[in-house]
Amino acid sequence: ALVSEWAWSRDDVILHTLPLHHVHGIVNKLMCPLWVGATCIMLPDFSPQK
233 ALVSEWAWSR DDVILHTLPL HHVHGIVNKL MCPLWVGATC IMLPDFSPQK
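Each residue of the sequence shown is one higher than the one before, counting from 233 in this note's numbering.
So this is what it looks like as structure tokens:
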């Protein structure tokens with residue numbers, strides 16, 4: 233349902249910045265894009281100084 237409601241497509245490229253210990257970060261911003269073949273870009277770490 234989320235894939236169709238948010239209109240995910242294989243052409244989407246997602247910069248994943250949400251923590252993976254939270255359901256929104258896992259389901260909405262990782263599983264949905266991967267389900268349709270979109271690209272998820274993960275940052276190696278977070279640093280407020282950068």
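Just so you know, even glycine gets a beta-carbon here, dropped at the ideal spot from N, CA and C.
Buried versus exposed call for residue i [16 or more other C-beta atoms within 10 Å across all chains shown]
i	result
P276	exposed
W238	exposed
Integer Cβ distance of residue i from residue j, believed to fall under 8 Å
i	j	result
G257	L250	3 Å
V268	R242	5 Å
Range of the contiguous beta strand (DSSP E) that encloses residue i
i	result
V235	Element bounds for V235: not the beta strand (DSSP E) but the alpha helix (DSSP H), 234 to 237.
K245	In the sequence as displayed, the identity of residue 245 is Val instead of Lys. 245 to 248 is the span of the beta strand (DSSP E), which, as asked, contains V245.
Between the CA atoms of residue j and residue i - distance to the nearest angstrom
i	j	result
A233	K261	14 Å
M263	F278	21 Å
T271	L252	16 Å
I273	Q281	20 Å
Limits of the alpha helix (DSSP H) - the one that residue i falls within
i	result
V268	264 to 268
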